[in-house]
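If you read the protein sequences in the order shown, they are chains C, Z, V and W.
What the first sequence shows, in the working numbering, is residues 1 to 540, in sequence order.
What the second sequence shows, in the working numbering, is residues 1001 to 1248, in sequence order.
What the third sequence shows, in the working numbering, is residues 2001 to 2412, in sequence order.
What the fourth sequence shows, in the working numbering, is residues 3001 to 3428, in sequence order.
Below you'll find the structure, written out as structure tokens, and then a few comments.
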Amino acid sequence: MSLMRSFLLLLSLAASLLATPALAQSDAATLRPLINELAKGKYSETEKQIGALVATGDPQVAPALEALSDGDLYARKADGEVFIIKKAGKAYTLIDPLTMETAGEASKREIKKIKVNNSLRRVIRSALGSLTLMAPDPAVRMAAAEAIFKAKDPDGIEALDAAIAAEADDGVRKKMEEARAAAVLNSDMDEAAKLQAVSTLGTMGNRDALSRLIAVQSSSEGALREAATTEITKIEKSIAAWDAAQNIWYGLSLGSVLLLAAIGLAITFGVMGVINMAHGEMVMIGAYVTFVVQEFIRSSAPGLFEYSLFIALPLAFLTSGLVGVAIERGVIRWLYGRPLETLLATWGISLVLQQAVRSIFGPTNREVGNPDWMSGAFEIGQMTITYNRMWIIVFAMLVFAGLMLVLKKTPFGLYTRAVTQNRRMAASMGIRTPWIDALTFGLGSGIAGIAGVALSQIDNVSPNLGQGYIIDSFMVVVFGGVGNLWGTLVGAMTLGVVNKFLEPYAGAVLGKIFVLVFIILFIQKRPRGLFALKGRAVEA
Amino acid sequence: MARSSSLLYLDGVSVSFDGFKALNELSLTIAPGEMRAIIGPNGAGKTTMMDVITGKTRPDSGEVFFNGTVDLTGEDEASIAELGIGRKFQKPTVFESHTVWDNLELALKAPRGPFATLFHVISGAEKKQVDHLLDLIRLGSKRNELAANLSHGQKQWLEIGMLLAQDPKLLLVDEPAAGMTDAETAETAELLKDIANDHSVVVVEHDMVFVRSLGVKVTVLHEGSVLAEGSLDHVSANERVVEVYLGR
Amino acid sequence: MMSSFLFRAMDARAGLFLAIMAAVIILVPACNLLLPEGSTFHVPNYAVTLMGKYLTYALLALAVDLVWGYCGILSLGHAAFFALGGYAMGMYLMRQIGTRGVYGDPILPDFMVFLNWGELPWYWYGFDMFWFAALMVLLVPGVLAFVFGWFAFRSRVTGVYLSIITQALTYALLLAFFRNDMGFGGNNGLTDFKDILGFDIQADTTRAGLFAASGLALVLCFLICRAITRSKLGKVLVAVRDAESRTRFLGYRVEHYKLFVWTLSAMMAGIAGALYVPQVGIINPGEFAPANSIEVVIWVAVGGRGTLVGAVLGAVLVNFAKTWFTAALPDIWLFALGGLFVVVTLFLPKGIVGIVSQGWTALRQRKISEDYEAGSDEPPSQAPQSPASPANVSPKTSSSTLPADAEPQPAE
Amino acid sequence: MKKTFAKLALAGLMASTIAGGAFAEDDTIKVGILHSLSGTMAISETTLKDAMLMLIEEQNKKGGLLGKKLEAVVVDPASDWPLFAEKARELIEVNGVDAVFGCWTSVSRKSVLPVFEELNSLLFYPVQYEGEESQRNVFYTGAAPNQQAIPAVDYLMNEEGVERWVLAGTDYVYPRTTNKILEAYLKSKGVADEDIMINYTPFGHSDWQTIVSDIKTFGSAGKKTAVVSTINGDANVPFYKELGNAGIKAEDIPVVAFSVGEEELAGLDTAPLVGHLAAWNYFQSADTEANAEFIDAWHAYIGDDNRVTNDPMEAHFIGFNMWVEAVEKAGTTDPDAVIDAIVGVSVPNLTGGYSAMMPNHHITKPVLIGEIQDDGQFETVWETSGLVVGDAWSDYLEGSKDLISDWRAPLSCGNFNTVTGKCGGSGS
């Protein structure tokens, strides 16, 4: 991956070279020894060496630095020559850091990694920033500007001025100006320039700007300090408003996790009346299916990794669903009419399933990776939205809608409702009630399985996965009102949002306690949950 | 009839469930010592009316008075039962894992508090009364049988027996003849008539033969309010009643 | 009145139970203390503590059975009362350590010293006195149960809704006690006890004494439960279990009855917890875990719901199985335990006692009935489907017509 | 009814016969392994059970101990703390083991302490812990706070220039104590109150959105910020996932963890976490012969080349070898003799040096700071020049700064007060 980036970078650099002949050119003969120097000495010396490389101002050194930062730069033990390494299984391909040509292979013993730590990475990041400001790819320029912003290195101002003048893309230019402002505030330029910079940061208006401004505020006096203070107040005010929105988002996100965990239970427990203590294990099975799918993809079709979740979804549904059907046919069907016994039996089943998974997959956490589209975050205003949370909310809604459709619009849904409402009547109308029971239970379990796929993206995949969700799931279903899917939806979202609004004030632990007390009190007020059925039918 | 002289007085009672009006401005008065039959098609509000009287359902509006003075809308089931209103359910509801004897003993008029029952020792008088009731409901030979093992009709009787054991002023009896053979139905009618000698009784019933055999004033409910009132012949002649019953 | 109340608790079966308990209470400590280690009949210390622990579990199971088996209140949070009783006892034991803690502070427990607590929090006052701690063992679970029950039963929270909020209760307490800020030692809980009432807690004699105390407490509570379940109150409870609203229409204030047994049961659970702590030597928030409460329900179900002996038996047997499995099959014991639960529910729906007594009482039934008619006020006991056995007699009707017209009532 | 009681009696009888037969002299030396194989802690502890089985097997290949074979006795305390005490008693009384290797959480150790004291047996405890304890029958082969936390903070302060600190932990005794120590330490280094944020979360906390965003906010105050994480096992995976997704890079806000090792990382895609730190006394990446051998043996034993090794495994490795050596030195497995013999015993560790058992029953260890790599391993970026002696009683806590521990005669005291000159804490 990083190598790929290096290549791109090189291409862009080559192009930028043509575009900016003004930059000093050095040939490979002078650069190569400098690069080889990287392999010598401790971090502090490596840092100096990086400085020396950057001082050449030659973009050709960028790939080497990039590789160093990524931990792909190695030195050949025999002659101290430094190469970029590309790993493929046990083989290590050597690539010349300047020409990017392959220079043979080596075994692990023949080469030595050049160690890098956080502070070195920071140095490299800012160095690369000033080297790549003129790259043709706007994304690279953007990244460069951002790197300078973070480094706030006054030496970058000159390069930035040149870059801003040449910049065509408004977004990138804005970022460069912000970077320049950050650098200016860190320099010894005059007050006017700094005041200007403060106002630029004020317009920027996010946490990064705030962070810089606070630093300015504490280190300056007079007009500059005042200006910074004004801007800080402004930003803080806007951030406070965004914080509320962010909290709602967090709440919805937590709510959708609860919804996913609970929705399968809303069927097996809410609709069928089976106190299914093994529900959490169905979620766990779904998560392990995801793991297996990803393992398989990693070993035989790495290209499909981005789609692994889509492949896992139907498989998880089927696997958990089948386990559910098996449980229903094997155990639960003997216990209809003895609902409490289902509690005991499914508790037993949950122990067995946990131990089975522990025996098969081992007791430790298994790695389920996030595909790229599930990774990272984007920002709306001052709100950070992570992709995985966003997709989980979307997914939860889709699952909910899909389930509603199945239950309301399909013959199967009709049968299910018929059987759960009046078994005898349904049977006498020719519905094969045992199969509807099995399939309904399978559906609930299957839904739990696909919830597991989603939860594998944010939580541990371990034999204990299910245990963590079972209590919350029951709370949600009961709070929403047993037997009512809409209740489950509203219940999950309410609990999520309430929890997230309490958390900043009370802390995570107390917040959760308050939510539980809230549920207890709420049930006093509405003994049958949020969406209780009313009427004479409700016989105590 | 005036509220003050009535045993049970309902005026303008309405109850709705999620928009559905189960009772709609229902007004009904039962005099002390009266026996009244209430009929009406399914969904006419008969059971809801019972629920309102016994405190199970709170009316949205309207007045419910017992003995002319006690406002029943403010009381719960237990205190209404203690006031002297007994109720038999549509579906016979007895304590299935208790014996017939225990069912009656539980129903006997006695202090109802937990500590009173904890230290309760059954007295000779109480035993006698249970024996008497057993004879009355013809379950003397089944006294040690679990209620669960009784036939449907026997359960109905047991429930009536429990009702009598409470010695209420007013009995609300919901479909006492449901699921009974003709012979049993006739016997039940006789039993009720006996009871009516010293109690007020409200009987809800579908079975016209049964109602006729009671020979009392009939109230017809429809869509939550009184449609007609009078003797059975009188209401049978009412066109609206016929229309409602035939479902047009 | 009182004498007849207690007398009611006695009959042949109770007598048998009491005889066995008496034998256990006397023999186990005696065989532990008096016989030399080499003797075949010597009971090792290990077994004494273990069985002592089982007895406290049995008492907890008894408490759960009283509310669940007889009154139909399925508590998935009884471990909370158990743990609260345990904490009350634990606090007493902590205060008894005095200067023998690692920091030697005469007042503050160790965990407060190293977390820099300045002084003893007010709620620790009084726990240096045994009578106060003993009172708290009863009062803390009792008052909590009373308040919780007063609200819940008055609001007519029933069935699964009640079960879930009891679970919420214990879960909330779990989280609360995990907090180190609460001043109960956080996750580590209370440990390192030295002595109880002046006796060294690690001494064999103390251990035997605690074992006997647990046995006596169990016997006493068994008798109380028995007296209750065989009184008219007991009949009302069963009536509530089987047809709550019918009971109401008979004029019984169901919430008072529930509150009474609920509070009593919580106090019994508290006693069990208080006896448990000195025997295992630690009390920590893990005891509040909802899974623990569910497990207690399972003991009762395995033994036989609605039979007091069943609860005791179930607790002892399941825990013995657990002890044995975790040592004999450490890697796969969950298969065995999980399998046990499934098998019991499928094939022994009334628990072990249900199966055993079915055959036994069938023979006795007639005779008892005759006695009864002859004038005893005791009703026939333990008929195959007597008041004491679960109300499985007509469940088909209640659960085959699920939502819409009747909401699922999974927890009776 | 009789039958049921017969069963009850049988149960008791079985328990007692199991117990009764236990003391038969065997020609093996029994070693107890007390790690949870089920429940919440199985995730961490099962590996240690396997590691111990491997070590015992290897020792037997070398001919056993004192001419006898070693026999492992494995029980499952099921992450249930009182059960730990029960099982410990069972191991010692019923199975007659001579030493027990086990426990992970502090509470499990606290739970078994009285048992080991009463029955005078040996416990080797392999996990980093909060300190504030020294017991005659227990050997602490994991790190004390001064062997992990303080060097890590020093590193961040000196190498990364961190000025602002988030102390985030799971709410239990180890993070509480460690954070107390760190807070005192940071303040002694001149860090202001407002530059320290302390946050506690419950066990198994899985929704980190708010806290991660708080950290971000805290970090945007214009000073270099770092997170010191004492977040416990299970909660780490969602924490790091949230961290990665929220774009908190190690270069900006590094996180140094004391409870995250190779095993925890095995459940994670570490690419977004490169550069975050952990402080341990051992990393699998340690480049020594001994370590390579150990890893090979582990892979061969477990039959999976992808299984990782971690610090507590090394602690068991050290502890086991120390015990073996001490038993050989004493010529017996008698606990008293071993306790006397083991102080001063020095065995090779896996990072290229020797670890010695100190009189306070803690051991000497090097402290390594590692950065997470994208292959789930750590790369050592800093290490102490010499070995650090485990300090049972922290110098930064009010109650314990005057205490020392020395189990050699004539002192033989775990909490000797150097001010009052008495054994038994700070009291009179």
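Glycine residues also receive a C-beta, built at the ideal position from the N, C-alpha and C atoms.
Could you give the DSSP three-state label for residue i: helix, strand or coil?
i, result
"D1071/Z", "strand"
"E3183/W", "helix"
"V2344/V", "helix"
"R1279/Z", "No answer is possible for residue 1279/Z: it lies beyond the span of chain Z, which begins at 1001 and ends at 1248."
"G1086/Z", "strand"
"P3348/W", "strand"
"Y3174/W", "helix"
"K1021/Z", "strand"
"G466/C", "coil"
"K2053/V", "helix"
"Y250/C", "helix"
"T346/C", "helix"
Give a yes or no on whether the C-beta atoms belonging to residue i and residue j are separated by under 9 Å.
i, j, result
"T3177/W", "G3131/W", "yes"
"V3228/W", "V3153/W", "yes"
"L2059/V", "L2275/V", "yes"
"L2190/V", "V2277/V", "yes"
"L2055/V", "V2316/V", "yes"
In its own chain, which residues sit with a C-beta less than 6 Å from the C-beta of residue i, not counting the 5 before and 5 after it?
i, result
"A162/C", "none"
"I2228/V", "G2234"
"A2411/V", "Model confidence at A2411/V stands at a pLDDT of 32, short of 50, so the residue's coordinates are unreliable and nothing is read from them."
"I239/C", "Q382"
"P3238/W", "S3206, W3208"
Which residues in the same chain have their Cβ closer than 7 Å to the Cβ of residue i, if we skip the five residues on either side of it in sequence?
i, result
"L2035/V", "F2041, H2042"
"N1238/Z", "A1228"
"D1076/Z", "G1055"
"W2262/V", "V2067, I2073, A2145, G2149"
Apart from the five residues just before and just after residue i, which ones in its own chain have a Cβ nearer than 8 Å to its Cβ?
i, result
"Q354/C", "E281, M284, P463, N464, G466, Q467"
"G3386/W", "P3366"
"T1099/Z", "R1143, N1144, E1145, L1146, A1147"
"W1157/Z", "I1137, R1138, L1139, T1188, L1191"
- Query: If you measure beta-carbon to beta-carbon, which residues of the stretch 1073-1086 of chain Z are closer than 7 Å to chain V?
  - Reply: E1077, A1078, A1081, E1082
- Item | Those runs of the beta strand (DSSP E) which lie wholly inside the stretch 1172-1239 of chain Z and span at least 3 residues | 1200-1204, 1217-1222, 1225-1230
- For the stretch 2121-2136 of chain V, enumerate the residues whose C-beta is nearer than 8 Å to any C-beta of chain W, in chain order. The stretch 2121-2136 of chain V vs chain W, Cβ under 8 Å: nothing.
- Would you list, in sequence order, the uninterrupted alpha helix (DSSP H) runs of no fewer than 4 residues that lie entirely inside the stretch 56-81 of chain C? Taking only runs of at least 4 residues, the alpha helix (DSSP H) segments lying wholly in the stretch 56-81 of chain C are 62-70.
- Ignoring anything shorter than 4 residues or poking outside the stretch 2106-2131 of chain V, list the alpha helix (DSSP H) runs there in chain order. 2110-2114
- Query: For the stretch 3061-3088 of chain W, which residues have a beta carbon sitting closer than 9 Å to at least one beta carbon of chain V?
  - Reply: V3073, V3074, V3075, D3076, P3077, A3078, S3079, D3080, W3081, P3082, L3083, F3084, A3085, E3086, K3087
- Message: At a CB distance below 7 Å, what residues from the stretch 2200-2230 of chain V approach chain W? Give them in sequence order.
- Response: Q2202
- In the stretch 337-352 of chain C, which residues sit with their C-beta less than 8 Å from some C-beta in chain V, listed in chain order? G337, R338, P339, L340, E341, T342, L343, L344, A345, W347, G348, I349, S350, L351, V352
- Unbroken alpha helix (DSSP H) runs of length 4 or more, entirely within the stretch 257-320 of chain C: which are they? DSSP runs (the alpha helix (DSSP H)) wholly in the stretch 257-320 of chain C: 279-300.
- What are the start and end residues of each continuous alpha helix (DSSP H) run of 4 or more residues lying completely inside the stretch 2238-2315 of chain V, in chain order? 2244-2249, 2254-2280, 2290-2303
- Go through the stretch 431-476 of chain C residue by residue and report every complete run of the alpha helix (DSSP H) that reaches 4 residues or more, in order. Counting only runs of 4+ residues, the alpha helix (DSSP H) found wholly inside the stretch 431-476 of chain C occupies 433-455, in chain order.
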